[in-house]
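Trainee:
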Amino acid sequence: MGVKLEVFRMLVYLTFPVGMFWISNQSEYFEEYVIKRKKEIFPPENDYQRKELEAFKERIRKRQEEQELQMVKE
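Residues in the sequence shown are numbered from 419 upward in steps of one, following my numbering.
1) Can you tell me the Cα-Cα spacing of Lys-491 and Glu-476, whole angstroms?
2) Any heavy atom of the ligand MG closer than 7 Å to the beta-carbon of Lys-491?
3) Taking only the alpha-carbon atoms, compute the straight-line gap between Leu-487 and Phe-460 and give it to the nearest angstrom.
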């Protein structure tokens with residue numbers, strides 16, 4: 419009885435992690451959840467937001483260029 423029990427325990431110890439790894443790597447199980455969660459965290463941008471972001475980047479770039487010019491002049 420002791421050897422059979424040890425063989426069963428070893429079988430469980432080896433198959434459980436391998437089974438969990440296999441299940442967690444099946445993308446079709448999680449694909450819908452991941453896409454839904456991604457849309458919640460990163461909602462799709464609209465044109466107004468994109469234009470506002472580009473304008474902000476341009477203002478920052480100009481400010482940095484002005485600071486660099488001031489440093490060069492000094």
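The beta-carbon is built from N, C-alpha and C at its ideal position, and this holds for glycine as well. These numbers were taken from a predicted model, which means no experiment stands behind them.
Mentor: The structure says:
1) C-alpha separation (whole angstroms): 23 Å.
2) Of the ligands one can find in the structure shown there are none, so the ligand MG has no counterpart to examine.
3) 37 Å
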